[in-house]
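One structure is given below, encoded as structure tokens.
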Amino acid sequence: MSTLDRSSSTSAFGGLAGALKALAEEASVLVQALLLPSKVIDEVEQMRALQVRANRIEASDPLRADVLRWHASRIGLR
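The numbering used here runs 12 ahead of the 1-based position in the sequence shown.
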């Protein structure tokens, strides 16, 4: 087996392992959301409130509106 063949085999296995890990993480997040839907609803309500505030102040303070939107976009990532 040439070095190139071993290298691509290792790379393929690493890619598969990474894909399986990502799939497991996604499945875990899904199960948590199904078990605790109130947490997801609370996060969506927080995001919506920040978006509404950002829209309300957009004309008078666009930088603050951008910050509020940024915070809204980070809520589900905690």
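No residue lacks a Cβ here, since even glycine has one placed at the ideal position from N, Cα and C. Source: prediction; values computed, not measured.
Self-check item: Cβ neighbour criterion (16 or more within 10 Å) applied to L47
Solution: Stepping through the sequence shown from its first residue, residue 47 is reached at position 35. Label assigned to L47: exposed.
Practice problem: May I ask you to report which of helix, strand or coil DSSP gives D73? | Solution: Numbered from 1 along the sequence shown, position 61 holds the residue referred to as residue 73. Here D73 sits in coil by DSSP.
Quiz item: Going by the CB atoms, is the gap between L89 and A66 shorter than 8 Å?
Solution: By one-based count along the sequence shown, residue 66 stands at place 54. By one-based count along the sequence shown, residue 89 stands at place 77. No, the pair does not count as a contact, with Cβ atoms beyond the cut-off.
Quiz prompt | CA-to-CA distance, M59 to I87, given in whole angstroms | solution = Counting from 1 along the sequence shown, the entry for residue 87 is found at position 75. Counting from 1 along the sequence shown, the entry for residue 59 is found at position 47. If you take the alpha carbons of I87 and M59, they lie about 7 Å apart.
Quiz item: Leaving out five residues before and five after A45 in sequence, what residues of the same chain have Cβ atoms less than 6 Å from its Cβ?
Solution: Stepping through the sequence shown from its first residue, residue 45 is reached at position 33. These residues qualify, in order along the chain: V52.
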